[in-house]
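Student: Structure provided below as structure tokens; questions to follow.
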Amino acid sequence: SQKIEQNSEALNIQEGKTATLTCNYTNYSPAYLQWYRQDPGRGPVFLLLIRENEKEKRKERLKVTFDTTLKQSLFHITASQPADSATYLCALGGPSNAGNMLTFGGGTRLMVKP
Amino acid sequence: GAVVSQHPSRVICKSGTSVKIECRSLDFQATTMFWYRQFPKQSLMLMATSNEGSKATYEQGVEKDKFLINHASLTLSTLTVTSAHPEDSSFYICSARDPRGGNEQYFGPGTRLTVT
Numbered sequence: 006s007q008k009i010e011q012n013s014e015a016l017n018i019q020e021g022k023t024a025t026l027t028c029n030y031t032n033y034s035p036a037y038l039q040w041y042r043q044d045p046g047r048g049p050v051f052l053l054l055i056r057e058n059e060k061e062k063r064k065e066r067l068k069v070t071f072d073t074t075l076k077q078s079l080f081h082i083t084a085s086q087p088a089d090s091a092t093y094l095c096a097l098g099g100p101s102n103a104g105n106m107l108t109f110g111g112g113t114r115l116m117v118k119p
Numbered sequence: 002g003a004v005v006s007q008h009p010s011r012v013i014c015k016s017g018t019s020v021k022i023e024c025r026s027l028d029f030q031a032t033t034m035f036w037y038r039q040f041p042k043q044s045l046m047l048m049a050t051s052n053e054g055s056k057a058t059y060e061q062g063v064e065k066d067k068f069l070i071n072h073a074s075l076t077l078s079t080l081t082v083t084s085a086h087p088e089d090s091s092f093y094i095c096s097a098r099d100p101r102g103g104n105e106q107y108f109g110p111g112t113r114l115t116v117t
């Protein structure tokens with residue numbers, strides 16, 4: 006069965022450092038992978054989408070890599086700030102998933118300390 | 002960016018009653034919306050795919066007679082939890098894809114349901 010793994014332990018880093026979060030998957034051939042941010046008691050907020058034929062994508066302080074051979078995506082936040090503290094979810098979509106359905110990982114909680 | 006709203010944000014109901022949750026796409030039309038459930042410290046679990054003008058598609062293990070979904074227009078989907086029980090207490094979130102964009106989904110703020 007499909008399995009998406011994110012580090013369930015919280016990641017604690019110092020402000021200004023780069024945070025790196027990992028998303029690994031098995032038994033899946035996604036057409037794209039998405040990263041979301043979720044704050045407590047709120048719905049997820051879309052951050053970045055990367056397609057299977059893309060190696061890397063950037064948006065401001067965010068960078069996502071996608072290695073379909075390793076079946077892994079890395080999510081980086083450079084120059085991290087306390088406001089970046091949240092839970093980050095990776096989600097995989099198509100073609101194994103019908104339509105635009107997404108399958109989510111368990112999320113990793115990031116804590117950025119001042 | 003695309004905006005999705007949900008109403009209510011919080012609801013408390015008694016066991017045995019029914020609760021309706023609304024999901025609206027505010028600035029785009031969505032032929033498909035998705036309903037998720039999230040228990041504390043767990044990830045989002047897809048419950049069903051809501052299709053405008055046709056029946057919803059439910060995920061395995063989700064009772065369609067208990068979780069009624071109606072997608073009556075291109076901007077509104079509703080989820081009704083019928084005969085609610087305390088174990089139905091959860092965080093319910095909807096999402097939709099803006100057809101003008103790519104595959105990214107936009108989520109509502111969620112509805113916290115507590116069944117007493």
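For the record, the sequence lines run as chains R and U. Under this note's numbering, read the first sequence as residues 6 to 119, first letter to last. Under this note's numbering, read the second sequence as residues 2 to 117, first letter to last. Where is the CB? At the ideal position from N, CA and C, for every residue including glycine.
Looking only at its chain, what residues have a beta carbon closer than 7 Å to the beta carbon of Leu47 (chain U), apart from the 5 residues adjacent to it on each side?
Tutor: As a first step, residue 47 (chain U) is located in the second sequence; it is residue number 46 there, counting from the start. Same-chain partners within the cutoff: Phe35, Tyr37 and Glu60.
Student: For chain R, find out if any of its Cβ atoms is closer than 8 Å to the Cβ of Glu105 (chain U); answer yes or no.
Tutor: For the purposes of this step, residue 105 (chain U) is identified with residue 104 of the second sequence, where counting begins at 1. Chain R, which has a Cβ nearer than 8 Å to the Cβ of Glu105 (chain U), makes this yes.
Student: Using alpha carbons as the reference points, say which of U:Lys15, U:Glu105, U:Pro9 and U:Lys65 lies closest to Glu88 (chain U).
Tutor: As a working mapping, residue 88 (chain U) is identified with position 87 in the second sequence. Nearest option by C-alpha distance: U:Lys15.
Student: Need the endpoints of the beta strand (DSSP E) that Tyr107 (chain U) sits in, please.
Tutor: Here residue 107 (chain U) refers to the residue found at position 106 of the second sequence. Gln106 to Phe108 is the span of the beta strand (DSSP E), which, as asked, contains Tyr107 (chain U).
Student: Provide the residue span of the beta strand (DSSP E) that contains Tyr77 (chain R), from first to last.
Tutor: Counting from one through the first sequence, the residue named residue 77 (chain R) turns up at place 72. Correcting the residue type first, residue 77 (chain R) is Gln in the shown sequence and not Tyr. Note, Gln77 (chain R): beta strand (DSSP E), Gln77 to Ile82.
Student: I believe Lys118 (chain R) touches Asn17 (chain R) by the beta-carbon criterion, under 8 Å. Please report the beta-carbon distance rounded to the nearest angstrom.
Tutor: Indexing the first sequence from 1 puts residue 118 (chain R) at position 113. Indexing the first sequence from 1 puts residue 17 (chain R) at position 12. Yes, Lys118 (chain R) and Asn17 (chain R) are in contact; Cβ-Cβ is about 7 Å, under 8 Å.
Student: Is there a Cβ of chain U sitting closer than 8 Å to that of Phe109 (chain R), yes or no?
Tutor: Taking the first sequence and counting its residues from 1, one reaches residue 109 (chain R) at position 104. Yes - at least one Cβ of chain U is within 8 Å of the one on Phe109 (chain R).
Student: Would you mind reading off the limits of the beta strand (DSSP E) that contains Met106 (chain R)?
Tutor: Here the question's residue 106 (chain R) lines up with position 101 in the first sequence. Looking at the DSSP string, Met106 (chain R) is not in any beta strand (DSSP E), and its letter there is neither H nor E.
Student: Which term fits Thr31 (chain R), buried or exposed, when burial requires 16 or more other beta carbons within 10 angstroms of its beta carbon?
Tutor: Position 26 of the first sequence, counted from the first residue, corresponds to residue 31 (chain R). Label assigned to Thr31 (chain R): exposed.
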